[in-house]
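**Student:** Here's a structure for you.
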Amino acid sequence: MKHLIAGLLIFMVSPATAQGFWEYGSWRVLVQEIDTGEDLRRTCTAITGGDGLPSVTVAFSNGDAGPPDFFPTVTVHEYAPRGYDTVLQGGQSAYIRFDDEQVMDSVVTTYVTEDVFANAEIAFDHPISQWVLQSMRTNGQMDVVVEGKVFIYTYLDGFTASYLKAAEQCGFDGTGVVD
């Protein structure tokens, strides 16, 4: 199944409810502040897709380690309506492919939320996330291929600006990705 990336939704917030919202090409940046009772946490997310379709996200938190010591995870995320299963299934082989034909392998993981919503993710964690982020910066498109078929393709126009804005909003910079 092939999906075009369009719209916005991952953390169940709209631009009107986010503390910060910016758009750059095919990408958006959401900034949310959450009072944990002990401190004020800020989550800064660069996202493309969503609104019922798969999304690709890169998220920073001001409470976590960040670049250049630790690079955020690049996550492909699919969620299904309550009572339905995701198209992606746990354990399926997956990879991302860029314009320059470079690829990075991963595996689909699945889970069900406490509200009984099925979710599937393909994550590219640190330390390979730095390579993925650098490739996202230098290419125009990223295909997500699962079991040999393109699941989604993502345009990368605006990614660099979104990455830098999300990093800046959570106290980081582009070191290691944009330098």
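Under numbering that gives the first Met the number 0, the first residue of the sequence shown carries the number 0, and numbering increases by one thereafter. Virtual Cβ for every residue (Gly too), placed ideally from N, Cα, C. All values derive from a computational prediction rather than experimental measurement.
1) Leaving out the 5 sequence neighbours to the left and right, which residues in its chain are closer than 8 Å to Phe20 when beta-carbon positions are compared?
2) When the distance is taken between beta carbons, is Tyr154 closer than 8 Å to Val177?
3) Counting pairs of beta carbons, one from the region 57-66 and one from the region 35-43, are three or more of them closer than 8 Å?
4) From Asp104, Tyr152 and Ser128, pick the residue whose C-alpha is nearest to that of Gly139; which is it?
5) When the Cα atoms are used, what is the spatial distance from Lys148 to Val86?
6) Pick helix, strand or coil for Gln168, following the three-state DSSP scheme.
7) Taking the C-alpha atoms as reference points, what is the distance between Asn188 and Asp104?
8) Using a 10 Å radius around the Cβ and a threshold of 16 neighbouring Cβ atoms, would you call Pro66 buried or exposed?
**Tutor:** This is what the structure holds:
1) Locating residue 20 in the sequence shown gives position 21, counting from the first residue. Counting only Cβ-Cβ distances below 8 Å, and skipping sequence neighbours, we find Pro14, Arg27, Val28, Leu29 and Val30.
2) Counting from one through the sequence shown, the residue named residue 177 turns up at place 178. Counting from one through the sequence shown, the residue named residue 154 turns up at place 155. Against a cut-off of 8 Å, the Cβ pair of Tyr154 and Val177 comes out as no contact.
3) yes
4) Within the sequence shown, numbered from 1, the residue matching residue 139 stands at position 140. Nearest option by C-alpha distance: Tyr152.
5) Looking up residue 148 in the sequence shown gives position 149. Looking up residue 86 in the sequence shown gives position 87. Each residue's alpha carbon lies about 12 Å from the other.
6) Start at 1 with the first residue of the sequence shown, and residue 168 comes out as number 169. In the structure shown, Gln168 sits in a helix (DSSP, three-state: H, G or I).
7) It is not possible to answer for residue 188, since the shown part of the chain is limited to 0 through 178.
8) Against the sequence shown, residue 66 aligns to sequence position 67. By the neighbour-count rule (16 or more Cβ atoms within 10 Å), Pro66 is buried.
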